[in-house]
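Peer 1:
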Amino acid sequence: MVRVYISSVIEAGADAVWARIRDFNALPLWHPAIADSRIENTQPSDRVGCIRHFHTRDGGMIRERLLALSDYDYSCTYEILESPMGVENYVATLKLTPVTDGNRSFAEWSAEFDCAEGRENELTQLIGQGVFQAGFDALKRHFTRR
Amino acid sequence: MLQKVVRSTVIDAPIDRVWAVIRDFNSHDRWHDVVAESRIEGGEKSDQVGCVRSFSLKDGNRIREQLLTLDDREYRSTYCIVEATVPLQRYVATVTLKPVTDGNRTFWHWESTFATPHGMERELRDMVAQGVYEAGFENLRLHLRQGGDLQTGRPGTAASAMPTALPLPTRRIVVHAYGGPEQLQPENAEAPPPGEGEVRIRQRAIGINYLDIYLRQGRIPALLPLPGVPGMEAAGSVLDTGIGVHGLLPGDRVAYLGPRPGAYCSVRTVPAAWVVRLPPAVEDDVAAALLLKGITADVLLRDVARVRRGTRLLVHAAAGGVGLVLCAWARALGATVIGTVSSEAKARMAREHGCEQVIVTRDYRFADAVQRLGGAEVIVDGLGDAAASENLAALARCGHWISLGQASGGLQPVSPDALVAKSASFSRPVVFDYVATPALLQERAQRVWDALADGTIRPPVIERHALDAAAEAHARLESRATIGPLVLVA
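Heads up: the sequence lines are chains V and E, in that order.
At the far end of the first sequence sits residue 146, using the numbering used here, and the numbering has no gaps.
At the far end of the second sequence sits residue 1490, using the numbering used here, and the numbering has no gaps.
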């Protein structure tokens, strides 16, 4: 089992950041690596169990199922059903925690998965930096620009 | 109704540094301004789950708190009040740290629930939130900024050193007056129990280096004040460890090298940062014969000279302890290795270890021969003064002269004019500066063991002497009669 953990501090309150990332179908609106997204079977995007079907900017298709959503904990957990990355049993959680000292949020994005032997470092780099850190960087840019 | 207080902040320090302070349940009087005194009741350790700390606050209040959870994996500590002169009831608090990977900082979350007498809710909530948590954030920031956490703790506070550890008898070789080999005198002495960050080692094999001879002769008195014990490296097994030592247990096979001499003994206490664990395949005497010499070769070839395919490298004393490793390793890197030796027997040995062009010379004359081969792009020089002008003459244009030792006598200053004539460089590296952190030391040692395992360097043919016969060993090394490394066996 490989584990990836990335965390950051975003200069905005948890409510404001959560409003931007809560929508399971909103990745293209805030994550620079995602080109488009839709929810399968016309389900609402905050229904636990719904599946988002999206494409990365480099053309890869990914399907992910929402496993847990908590407005109380500002957290969202999902699994990968289909992707070109070559990962198995991939479950990820994106979570915010308010920093009471200043109007800031502590953001954590973690994932656990299995993969072919020898690909651990490559995938840790791709997911940790290419996906999670890139998403946080975009949020940091968005919330400092305003 | 149960009150809940949550406060959090971001500290500009790596999580392990913050956690080292927080996890010590008895640390608050060193960093939190409201706490006047702290002690752990019943003589327990401050990281013993269940221990009780007794606080005297600066405002005169007293609080006793019990540690309920200590979690080094999740960086979490939970505790409750068992008795207090402030009316906080059923108070349970949790401190959680999380790493901010984006910037190597620390997110610190502090929360609690408690009950209060009617009408005091607000007052007590503010006291906990601002007086304790928010003030604590600021106080800890200041504490870290001032380096308060880097000073060694009070005796007997956190964990104390093993109380049963006693000095152990050791046999050692002492220099009372600088001079010849006869100044190396065996004595009985004691090796102290390991202090914080130290490890005590039962040594079985001690590496002899030319540096030991300089120390005995008094050529570097600052490094070996009298009386002094020479020796920079040894191998053996761990007897015991002091507090704060991780990853080493009694019985582990280890070797070490350090910037302070003292290795000529049977039992020695050294900083754990000097120590590397030995792979099963590497015997004690091989480790003692190769650790410093192999790392010296690694430093010279990789970092100082940056030897690569085709580099013409001149190695003096090519059949010596360092010379043989240099020849073999440089050859494996694709260098053209030229060596100087003082006898035909040594020439054969050097050739066997990869030295392609061997020059036999007893009078430090080699420059013409080296120039006929194109000149030396890199010279590794342990000869010193007697060979200085020959070395300059042997250098190729833009060559690099690395002075590693001065067996024939201290080197006179090298004039910039002499260097400019060939655009040459001169360096005087000290290996210990290249293994200044444990991580660097481990990395370099591992490369030596790997090179030994894959045949890049050969198992050395070791000349062994008993520890008590250190004087004979030095006399042999100085006579220039030895081939390969010398080791003292304890």
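Glycine included, every Cβ here is placed at the ideal spot set by N, Cα and C.
#1: Which of helix, strand or coil does DSSP assign to T42/V?
#2: I'd like the ranges of any alpha helix (DSSP H) spanning at least 4 consecutive residues and lying wholly in the region 1333-1396 of chain E.
#3: Find out if the Cβ-Cβ distance for the pair T1340/E, T1311/E is shorter than 8 Å.
#4: Which stretch, first to last residue, makes up the alpha helix (DSSP H) that contains Q1003/E?
#5: Using three-state DSSP, classify Q1048/E as helix, strand or coil.
#6: Can you give the Cα-Cα distance for G1262/E and V1420/E, rounded to whole angstroms?
#7: Name, please, each residue of chain V whose Cβ falls closer than 7 Å to the Cβ of P1099/E.
#8: In the DSSP assignment, find the unbroken alpha helix (DSSP H) run with E120/V in it and report its ends.
#9: With a threshold of 8 Å between beta-carbons, can S1077/E be considered close to chain V, or not?
#10: Classify E88/V as buried or exposed, calling it buried when 16 or more other Cβ atoms lie within 10 Å of its own Cβ.
#11: Quick one: list the residues of chain E neighbouring D101/V, beta-carbon separation under 8 Å, in chain order.
#12: Here's the rule I'm using: 16 or more other beta-carbon atoms within 10 Å means buried, otherwise exposed. How should L96/V be labelled?
#13: In three-state DSSP terms, what is E11/V?
#14: Report the rounded CA-to-CA distance for D58/V versus I1206/E, giving the unit in angstroms.
#15: Compare the C-beta of E120/V with all C-beta atoms of chain E and state if any pair is closer than 8 Å.
#16: Identify whether Q1146/E lies in helix, strand or coil by the three-state DSSP scheme.
#17: CB-CB under 6 Å to E1065/E, same chain, minus the five flanking residues each way: which ones, in chain order?
#18: Between the C-alpha atoms of R104/V and I10/V, what's the straight-line distance to the nearest angstrom?
#19: Among G1197/E, S1008/E, V1018/E and Q1412/E, which one has its Cα closest to the Cα of A107/V?
#20: Closest to T1437/E by CA distance: which of D1047/E, A1273/E and R1039/E is it?
#21: Looking at S8/V and F136/V, is the spacing between their C-beta atoms short of 8 Å?
#22: Quick check: what's the CA-CA separation for D1059/E versus D1126/E?
#23: May I ask you to list, following chain order, the residues of the region 1113-1129 of chain E that have a beta carbon less than 9 Å from some beta carbon of chain V?
#24: Looking at chain E, which residues of the region 43-72 of chain V have a Cβ within less than 7 Å of any of its Cβ atoms?
#25: What are the complete beta strand (DSSP E) segments, minimum 3 residues, inside the region 1230-1308 of chain E?
#26: Check whether the region 1164-1171 of chain E and the region 1450-1466 of chain E are in contact - that is, three or more C-beta pairs closer than 8 Å.
#27: Is V1100/E closer than 8 Å to V1021/E when the C-beta atoms are compared?
#28: When the distance is taken between beta carbons, is G1148/E closer than 8 Å to R1030/E?
#29: At what residues does the alpha helix (DSSP H) containing I1015/E begin and finish?
#30: With a CB to CB cut of under 6 Å and the five nearest residues on each side skipped, what residues in its chain are close to R1428/E?
#31: In the DSSP assignment, find the alpha helix (DSSP H) that holds P1438/E and state where it starts and stops.
#32: What's the gap between the Cα of V91/V and the Cα of L1324/E?
#33: Let me know the beta strand (DSSP E) ranges lying completely inside the region 1036-1102 of chain E, each 3 residues or longer, listed in chain order.
#34: Examine chain E for any beta-carbon lying closer than 8 Å to the beta-carbon of T77/V, and answer yes or no.
#35: Does the region 1312-1331 of chain E come within contact of the region 1291-1298 of chain E, defined as at least 3 CB pairs closer than 8 Å?
#36: Distance, Cα to Cα, T1157/E vs N1026/E?
Peer 2: Inspection of the coordinates gives the following:
#1: Walking along the first sequence from the start, residue 42/V turns up at place 42. It is helical.
#2: DSSP assignment within the region 1333-1396 of chain E yields the following whole alpha helix (DSSP H) runs of 4 residues or more, N-terminal first: 1344-1352, 1367-1372 and 1388-1394.
#3: Taking the first residue of the second sequence as 1, we reach residue 1340/E at position 340. Taking the first residue of the second sequence as 1, we reach residue 1311/E at position 311. In this structure, T1311/E does not lie closer than 8 Å to T1340/E by Cβ.
#4: The count along the second sequence starts at 1 and reaches residue 1003/E at position 3. Unbroken run through Q1003/E is the beta strand (DSSP E), Q1003 to I1011; no alpha helix (DSSP H).
#5: On the second sequence, position 48 is the one that residue 1048/E refers to. Looking at Q1048/E - three-state DSSP - the assignment turns out to be coil, as it is neither helix nor strand.
#6: If you number the second sequence from 1, residue 1262/E lands on position 262. If you number the second sequence from 1, residue 1420/E lands on position 420. Computed Cα separation, rounded: 41 Å.
#7: By one-based count along the second sequence, residue 1099/E stands at place 99. The contacting residues are S7.
#8: Counting from 1 along the first sequence, the entry for residue 120/V is found at position 120. Taken as a continuous stretch (DSSP letters only), the alpha helix (DSSP H) holding E120/V covers E120 to Q125.
#9: To locate residue 1077/E, count along the second sequence from 1; it is residue 77. False, the Cβ-Cβ gap to chain V never drops below 8 Å.
#10: As a working mapping, residue 88/V is identified with position 88 in the first sequence. Exposed, by the Cβ-count rule.
#11: In the first sequence, residue 101/V corresponds to position 101, counting from 1. Within 8 Å Cβ-Cβ: R1007, S1008, T1009, V1010, E1134 and F1137.
#12: In the first sequence, the residue the question calls residue 96/V occupies position 96. Buried, by the Cβ-count rule.
#13: In the first sequence, counting from the first residue as 1, residue 11/V sits at position 11. Here E11/V sits in coil by DSSP.
#14: Counting from 1 along the first sequence, the entry for residue 58/V is found at position 58. Counting from 1 along the second sequence, the entry for residue 1206/E is found at position 206. The straight-line gap from Cα to Cα measures roughly 60 Å.
#15: By 1-based counting over the first sequence, the position of residue 120/V is 120. Taking Cβ atoms only, chain E never reaches closer than 8 Å to E120/V, which makes this a no.
#16: Taking the first residue of the second sequence as 1, we reach residue 1146/E at position 146. It is coil, neither helix nor strand.
#17: One-based indexing of the second sequence puts residue 1065/E at position 65. Excluding residues up to 5 positions away in sequence, R1053, Y1079 and I1081 lie with their Cβ nearer than 6 Å to the Cβ of E1065/E in the same chain.
#18: For the purposes of this step, residue 104/V is taken as the residue at position 104 of the first sequence. For the purposes of this step, residue 10/V is taken as the residue at position 10 of the first sequence. Near 6 Å, if we compare the C-alpha coordinates of I10/V and R104/V.
#19: Indexing the first sequence from 1 puts residue 107/V at position 107. Looking at the Cα atoms, S1008/E is the closest of the given residues.
#20: The count along the second sequence starts at 1 and reaches residue 1437/E at position 437. Of the candidates D1047/E, A1273/E and R1039/E, the one whose C-alpha sits nearest the C-alpha of T1437/E is A1273/E.
#21: Here residue 136/V corresponds to residue number 136 of the first sequence, with the count starting at 1. Here residue 8/V corresponds to residue number 8 of the first sequence, with the count starting at 1. Yes, the pair counts as a contact, with Cβ atoms nearer than the cut-off.
#22: Counting from one through the second sequence, the residue named residue 1059/E turns up at place 59. Counting from one through the second sequence, the residue named residue 1126/E turns up at place 126. If I take the Cα positions, the gap works out to 16 Å.
#23: A1129
#24: none
#25: 1233-1241, 1253-1257, 1267-1271 and 1275-1277
#26: Cβ pair count under 8 Å is below three, so no.
#27: In the second sequence, residue 1021/E corresponds to position 21, counting from 1. In the second sequence, residue 1100/E corresponds to position 100, counting from 1. No, they are not a contact pair.
#28: Counted from its first residue, the second sequence places residue 1030/E at position 30. Counted from its first residue, the second sequence places residue 1148/E at position 148. Result yes, Cβ atoms of R1030/E and G1148/E sit closer than 8 Å.
#29: By one-based count along the second sequence, residue 1015/E stands at place 15. Residues I1015 to I1022.
#30: Taking the first residue of the second sequence as 1, we reach residue 1428/E at position 428. So the qualifying residues of the chain are S1403.
#31: Mapped onto the second sequence, residue 1438/E falls at position 438. Its alpha helix (DSSP H) spans residues P1438 to A1453.
#32: For the purposes of this step, residue 91/V is taken as residue 91 along the first sequence, with counting starting at 1. For the purposes of this step, residue 1324/E is taken as residue 324 along the second sequence, with counting starting at 1. Those two C-alpha atoms are separated by around 54 Å.
#33: Counting only runs of 3+ residues, the beta strand (DSSP E) found wholly inside the region 1036-1102 of chain E occupies 1052-1057, 1062-1071, 1076-1084 and 1089-1100, in chain order.
#34: In the first sequence, counting from the first residue as 1, residue 77/V sits at position 77. With 8 Å as the cut-off, T77/V does not count as an interface residue toward chain E.
#35: yes
#36: Taking the second sequence and counting its residues from 1, the one referred to as residue 1157/E is at position 157. Taking the second sequence and counting its residues from 1, the one referred to as residue 1026/E is at position 26. Summary for T1157/E: the model assigns pLDDT 41, below 50, so the residue's position carries little reliability, and this model does not support an answer.
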